[in-house]
Structure formats: C-alpha cells, structure tokens
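**Student:**
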Amino acid sequence: MAYLKNYIDKIIERGNIGLAESISNTAEDVGNNYLKNFSFTSHEIGLLFGNVQSGKTGQMFGIMSKATDLGFPVFVLLTTDNVVLQQQTLDRVKADLDGFCICGENDARVFADNSLMLPTIVVLKKNARILKLWANIFNSTGFMRGNPLFIVDDEADAVSLNTLVNKNRQSSINKYLDSIRNGASSSLYLQVTGTPQSIFLQTRESGWHPLFTHYFKPGKSYLGGDFFFPKTGKPDCVTYLDNLQQPERDVVIRHLLVSAQILASGGITSTCLIHPSVKQAAHQRFADSINDELDWCKANLHGALETELRKQHTLLGPTKSAKVPFSEIMDKVTELLTNNEFKVLIMNGKTDVESSEYASGCNFVIGGNTLGRGVTFPGLQTIYYTRTAKKPQADTMWQHSRMFGYDRDPGMMMVYIDERLYKLFADINATNNAIISQVEQGFDDVKIYYPEGLNPTRKNVLDTDHVTAISGGTNYYPFNPDNNTIDEITNLLAPFNDDEPYYQVSLRVMKEVLSHVVTDHDFKLPSFLSIIDTMLSENPTMQGILIVRRNRDVAQGTGALLSPNDWQLGASFPRKVVLTMYQVTGNKGWGGKQLWIPNIKLPDGAVYYDVIED
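The sequence shown finishes on residue 614 if you use UniProt numbering, and the numbering steps up by one all the way, no holes.
(1) Taking C-beta to C-beta, are F228 and V446 nearer than 9 Å?
(2) For F573, does the three-state DSSP call read helix, strand or coil?
(3) Note down, in chain order, each residue of its chain lying with its Cβ closer than 6 Å to the Cβ of L90, except the 5 sequence neighbours on either side.
(4) Less than 6 Å between C-beta atoms, sequence neighbours within five positions excluded: which residues of the same chain meet that for F342?
(5) Am I right that P410 and L118 are in contact with their C-beta atoms under 8 Å? What's the rounded C-beta distance?
(6) What's the C-alpha gap between N182 and F286?
(7) So for V84, helix, strand or coil by DSSP?
(8) Quick check: the Cα distance between N136 and G142, rounded to an integer number of angstroms?
(9) Quick check on M397: does DSSP put it in helix, strand or coil?
(10) List the endpoints of the continuous beta strand (DSSP E) containing Q202.
(11) For a test of the three-state rule: what should DSSP assign to N491, helix, strand or coil?
(12) Between the region 213–222 and the region 430–442, do three or more beta carbon pairs fall short of 8 Å?
(13) Using DSSP bridges, identify the partner residues of Q504.
(14) With the cut-off set at 9 Å, would you say I417 and L241 are in Cβ contact?
(15) Excluding the five sequence neighbours on either side, which residues of its own chain have a C-beta within less than 6 Å of the C-beta of V238, listed in chain order?
(16) Report yes if the CB atom of T163 is closer than 9 Å to the CB atom of L273, and no otherwise.
(17) If we require 3 or more residues per run, which beta strand (DSSP E) segments fall completely within the region 412–460?
(18) Determine the direct distance from the alpha carbon of P603 to that of R575, and round the result to whole angstroms.
(19) Check the DSSP bridge columns for E44 and list the partner residues they point to.
(20) What is the DSSP secondary structure of S270, reduced to helix, strand or coil?
(21) Go ahead and pull the three-state DSSP assignment for T26.
(22) Could you have a look at P564 and say whether DSSP puts it in helix, strand or coil?
(23) Using three-state DSSP, classify G361 as helix, strand or coil.
(24) I think L562 touches N599, with their Cβ atoms under 8 Å apart; what is that distance to the nearest whole Å?
(25) Short of 6 Å in beta carbon distance, which residues of its chain neighbour L35, apart from the five on each side in sequence? Order them along the chain.
(26) Using 8 Å as the Cβ pair cut-off and three pairs as the minimum, do the region 563–573 and the region 519–534 touch?
(27) Out of M412, F443, R552, V548, state which residue places its alpha-carbon closest to the alpha-carbon of E500.
(28) Using DSSP's beta-bridge definition, name the partner residues of K343.
(29) Would you report the Cα separation of K524 and G266, rounded to the nearest angstrom?
(30) Residues in the same chain with beta-carbon distance under 6 Å from I63, minus the five sequence neighbours each way, listed in chain order, please.
(31) Can you confirm whether the region 447–460 touches the region 250–264 when touching is taken to mean that 3 or more C-beta pairs between the two stretches lie within less than 8 Å?
(32) Relative to the C-alpha of T334, which candidate in D498, A264, N33, I45 has its C-alpha closest?
(33) Hey, how far is the Cα of H283 from the Cα of P276?
(34) Taking 9 Å as the threshold (C-beta atoms), are R420 and Q399 in contact?
(35) So W296 is in the alpha helix (DSSP H); what residue range does that whole segment cover?
(36) Let me make sure I understand the geometry here. Which of E248, G55, I366, G233 has the alpha-carbon closest to that of K220?
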C-alpha cells in the first residue's frame with residue numbers, strides 16, 4: 001500500500017483539495033529532506049512548526065503516512081493529558097488512516113499480537129502512569145529492539161520538557177518519554193507545536209533541542225495573527241474594551257446578531273468565547289452576567305435591542321454568505337431569545353463540556369485554561385478576552401488565540417480586548433513571524449525576543465545556566481578583550497573617520513566588523529552576531545548606527561568605556577542597533593597594547609534570549 005497516496009486520496013474525496021495539496025507538500029518535504037536520510041541506528045529529534053489551529057493534525061498524519069512508505073513500522077502519537085482529546089485523536093486516526101494496526105492506551109495485547117505484521121500507531125495521552133506503562137511494554141517487547149520508533153508529540157512544548165531542569169532532576173513525563181524513545185534500537189522524535197519558544201530555548205545537551213525544523217504554511221482560508229494583529233493599525237475586527245461602558249452587553253448583542261446571520265443563512269453553529277480569568281469563580285460571575293444581559297435583551301427586544309441590532313447590522317459584512325435582510329435578522333433573534341435557543345456554558349476543570357454541546361446553535365462558552373491547547377470551537381466569531389497575568393508568557397497567551405482557524409468569516413469576526421493586551425498579542429505575532437522567517441531561511445540557531453515584561457515561556461523548563469537574556473537599551477562591552485585582529489578592524493573602519501559624530505550603516509557592515517573581534521566569554525559575541533542575523537532575516541536592508549573613535553586614552557575597567565557624550569549620542573537612537581568602536585592606546589591597562597573595543601546596544605524595550613552551549 002502507498003500510505004501517503006491513500007491518505008491524500010481520502011482527503012480529496014472529501015472535497016478538501018487545497019488541504020490535500022498542503023499535506024502532500026509537507027509530507028514530501030519532510031520525507032525527502034529528513035526521513036530518507038535517517039540511519040535507522042540513531043536517535044534524532046525534529047520539530048514540525050505550524051500556526052495555531054492551522055491544521056497540524058492532518059500534517060502529522062501525512063508525515064506518518066510518508067514515514068511508513070519509507071520503512072518506519074511503529075508510531076507513538078502523543079496527545080495532551082485529556083481523556084476526551086485522546087479519544088478524539090484515536091477516533092480520527094481510525095477514520096483517516098487505513099492499513100495500520102491502531103492501538104489505544106489499553107491495547108497492549110493488540111500491539112503484542114500484531115507483532116508489526118501491520119505498521120502500528122499507538123495513541124497515548126501524556127500522563128505519567130500511561131507513559132510508564134507503555135515504556136515497560138516497549139522495553140519488554142523483543143521486536144522493538146531491532147526496529148526504529150517514530151514518536152509524534154503533539155503540543156510538544158506543553159508538558160514533555162523537563163520541568164525540573166534547574167533542580168538537577170528529571171520530571172516524570174520527560175523521564176518516561178526518554179525511556180520510550182531509548183527503548184527502541186533507534187528513534188525519530190517529531191515535536192509538533194504552534195508555540196515553539198520553549199523548544200528553541202532548550203540546549204542540545206538536553207536532548208530536546210530539534211536537529212531540524214520544518215514550518216508548514218496554512219491554507220488560503222486561514223485567519224491568523226496577521227489578520228488580527230497586523231504590523232500597522234488596529235483592524236476593524238478588534239474593539240478595545242477601554243472604550244465600552246457595558247462590554248458584556250455589547251458582546252451579547254453582537255453575538256446575537258452574528259448568530260442570526262449565520263443560522264438564518266443555513267449555518268450550523270455560532271460561538272462566542274469568553275476568556276476572563278484562570279479562576280473558576282470568575283467564570284461563574286461572567287456566566288451570570290451574560291445571562292443577565294440575555295434577560296435584558298428579552299425585556300428590550302423591540303426597543304433598545306432592536307435599535308442597537310439595526311445599527312450593528314449596517315456594519316456587518318459577511319463574506320461566506322449573502323447578507324440577511326434586517327427583518328429576517330430580527331425574526332431570528334426573536335426566535336433565539338423567546339425560545340431560549342442559546343447556551344451559556346462554563347468550561348473549566350470543574351465543569352466538563354463535550355464538544356457536541358457547542359456543535360450547533362448560538363453558544364456562549366466561558367472558561368480559562370481549558371480554552372487553550374487542543375480545543376477547537378467551530379463557528380467561533382466573537383471573542384471576549386480579558387485575562388491578565390503579572391508576568392505573562394508569550395507561548396501561553398498565543399495558545400489562547402482560539403479565534404485563529406479556517407471556518408471563520410472575516411467579515412463578521414470581532415475580538416473584544418483591552419488595548420494593553422492587544423499590543424502584547426501584536427508583539428507575540430511579530431516574534432512569531434520572525435521565528436517563521438528564520439526557519440524558512442534555514443537558520444540553525446533561531447533567536448527569540450520579546451518586549452520587557454513578556455516572558456517567552458515558563459521558567460521551569462529553561463536551564464538557567466545556559467539560557468541568557470540580553471536586554472535592549474543596555475550597553476555591552478568586553479571586560480577582557482584579546483584582540484589580535486587590530487589591523488583587520490582598522491582596515492574595515494578606515495572609511496569612517498573621527499570627525500563625524502556617527503554613521504548610518506547596514507547591519508551587515510556591523511556584523512563584518514564584529515566578526516573580527518576576539519574576546520573572552522564575558523562578551524556574548526556569538527549572541528550579538530546571531531541577533532543581528534535575526535534582524536536581517538526580517539529586514540535585509542536594516543540600518544544601524546556606527547560610532548568610531550580613535551586614540552582613546554581610556555583605562556581598563558572604566559565603566560561602559562563610553563564618554564558621556566558618546567553614551568548620550570547612542571541613547572538618542574533607541575530603536576536602532578548602536579555599535580561604538582573605541583581604539584584605545586593601551587597606556588592604561590589592556591596589556592600595554594592598542595586594541596579595538598566594541599560597545600554594542602540593541603534596540604530599547606526588548607529582551608533577546610539565547611542558548612549558550614558548553
């Protein structure tokens with residue numbers, strides 16, 4: 001059986017030609033570039049990176065099918081620790097992939113009896129007890145000692161990494177995953193996520209830094225970060241809560257209007273997602289508030305509500321169906337309210353909600369953490385997001401972007417959010433685009449940076465001895481330079497004289513100058529060079545400020561080495577990289593020899609993260 005062809009044909013039969021093409025391209029690219037070269041004797045790790053809710057599951061199935069065509073006989077597909085999600089994934093594997101022996105977490109006997117007569121897929125949730133059980137099963141099965149294991153870890157950044165790395169211990173899930181992959185003669189571990197920040201910040205020594213990364217582009221109908229958080233301006237689909245006096249009422253009225261449009265034009269479901277807090281008590285308060293506003297709508301159906309609906313209707317611009325006349329909208333809203341044909345659902349650790357409950361009709365779903373990873377809401381058109389954190393994490397916030405997806409109507413989307421949170425999301429989107437750009441350009445060392453106050457990920461998975469943060473707006477210089485390349489640097493800087501206060505130069509010029517600097521480890525030269533590469537990947541013509549000063553009789557250990565005037569001059573360019581090159585005489589320390597001393601300042605307001613390998 002040609003497994004990939006069989007899977008692609010099945011997708012085409014369902015009418016998803018564009019999706020089939022995307023999956024086929026990803027599978028062939030990963031297969032030809034990485035899987036064909038697999039030695040079947042080593043343990044390797046890679047990363048499949050896609051946008052949040054852009055169809056990762058189909059891409060994973062395509063890669064697994066291609067891998068089967070190339071001789072991989074056993075797959076472990078890992079889901080988050082959620083019973084419903086694990087069962088949904090298992091059911092989807094059975095429905096989509098033919099010719100496999102498919103096992104759930106309770107099918108050890110099926111796995112053993114099959115004995116690889118058919119290629120095998122085992123679907124497991126990332127639960128310590130389950131992983132320990134299957135580590136023992138794999139390790140005790142003789143045929144696994146002579147065959148490669150292909151592990152596909154969906155949401156690999158969530159719980160798979162070692163959360164005890166700074167305590168010199170190994171967390172249970174991380175330990176059992178190690179045991180599973182090391183129990184086979186060889187393995188390929190494919191990390192899959194839309195938020196790879198924590199993965200890129202792993203050391204190679206840890207065994208969890210990807211040796212290769214593949215980014216797959218979303219399909220044409222996908223609404224993602226650039227739609228909601230463009231580089232310039234606020235789109236019409238975003239409303240700042242700061243400007244609303246009764247936000248819950250506005251959200252309810254808007255969603256009733258959108259639901260009426262969708263349902264009256266033949267649609268099945270319309271969902272409003274409300275994400276106020278991680279605290280369960282807040283979820284109940286918001287549910288009560290939404291119900292109160294729905295009662296207000298009933299009481300003012302042909303008064304204030306009708307007036308507001310008429311006003312909002314003029315602004316509505318559906319693109320996936322014809323705009324329904326207002327009279328029909330009003331009839332549908334009346335029907336929804338009079339017959340209570342809506343649902344207000346609380347979805348959290350205390351209250352479980354099956355996906356079937358919001359699969360049809362007009363829905364208001366309220367919750368916290370459970371509204372993140374692995375949960376997809378069909379017909380999601382209205383989002384009310386107010387969740388805040390003292391030290392927000394970029395990857396966690398990005399997973400809250402449930403508005404991303406394929407079945408959204410761009411002409412009816414509306415996100416209610418305060419301005420500060422919106423700007424944080426915009427910053428995360430900018431970094432996400434920078435990561436994509438680096439991956440597409442083949443960068444081996446992907447760099448991550450965020451504004452001050454926004455952490456890339458949770459601290460417990462980052463090795464504090466090896467992950468360093470470089471702050472923008474801070475002047476860095478080497479305390480113990482060992483510069484035997486003075487002639488090369490002198491020649492490079494010959495066009496720049498001391499008479500000019502500064503020069504605007506390409507970052508490529510700065511990179512060339514810095515590449516000739518020799519210093520101790522106290523000056524993070526590789527990090528600065530890598531950060532400049534990252535900036536150039538986003539903007540190949542990016543400019544910086546170069547300041548050149550010669551014959552400076554500066555003593556070693558003198559502050560930041562800069563004169564007050566030069567420090568002030570560099571500070572006047574807060575949005576640019578500033579490189580100041582001082583040629584010191586060597587009369588006051590420095591080993592008695594002339595040296596070129598670099599002083600670099602990155603753009604203000606950002607923190608750049610780097611992994612320092614031993």
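Quick reminder that beta carbons are idealized off the backbone N, C-alpha and C, glycines included.
**Tutor:** Let's see:
(1) Not in contact: F228 and V446 (Cβ atoms no closer than 9 Å).
(2) Coil.
(3) Cβ within range, chain order: G104, V123.
(4) Within its own chain, the residues whose Cβ lies closer than 6 Å to the Cβ of F342, once the five positions on either side in sequence are excluded, are L336, C362, listed in chain order.
(5) The beta-carbon distance between P410 and L118, rounded to whole angstroms, is 44 Å. This is too long to meet the 8 Å contact definition.
(6) So the two alpha carbons sit approximately 48 Å from each other.
(7) Three-state result, V84: helix.
(8) Whole-angstrom Cα-Cα distance: 12 Å.
(9) It is helical.
(10) Where Q202 is concerned, there is no enclosing beta strand (DSSP E), because DSSP gives it neither an H nor an E.
(11) DSSP, reduced to helix, strand and coil, places N491 within a helical segment of the structure shown.
(12) The region 213–222 is in contact with the region 430–442.
(13) Paired residue(s): I545.
(14) The answer is yes: Cβ separation under 9 Å.
(15) Around V238: V415.
(16) For T163 and L273, no; Cβs fall outside 9 Å.
(17) Listed in chain order, they are 414–417, 448–451.
(18) Distance between the alpha carbons of R575 and P603 is about 5 Å.
(19) Answer is L188.
(20) Reduced to three states, the DSSP call for S270 is strand.
(21) DSSP places T26 in helix when its eight states are reduced to three.
(22) Residue state for P564 is assigned as helix, using DSSP reduced to three classes.
(23) G361: strand per DSSP, three-state reduction.
(24) About 6 Å separates the two Cβ atoms, so the contact holds.
(25) Same-chain partners within the cutoff: A67, L70.
(26) Result no; under three Cβ-Cβ pairs closer than 8 Å.
(27) Nearest Cα to E500 within the set M412, F443, R552, V548: V548.
(28) The partner list for K343 (beta bridge, DSSP) reads N363.
(29) Each residue's CA atom was taken as its position, placing K524 and G266 some 60 Å apart.
(30) These residues qualify, in order along the chain: A27, V30.
(31) No: the two stretches stay apart, fewer than three of their Cβ pairs being nearer than 8 Å.
(32) Ranking the options by Cα distance to T334, first place goes to A264.
(33) Using only the alpha carbons, I get a separation of about 7 Å.
(34) Not in contact: Q399 and R420 (Cβ atoms no closer than 9 Å).
(35) According to the DSSP assignment, W296 belongs to the alpha helix (DSSP H) that extends over 280–299.
(36) The candidate whose alpha carbon is nearest that of K220 is G55.
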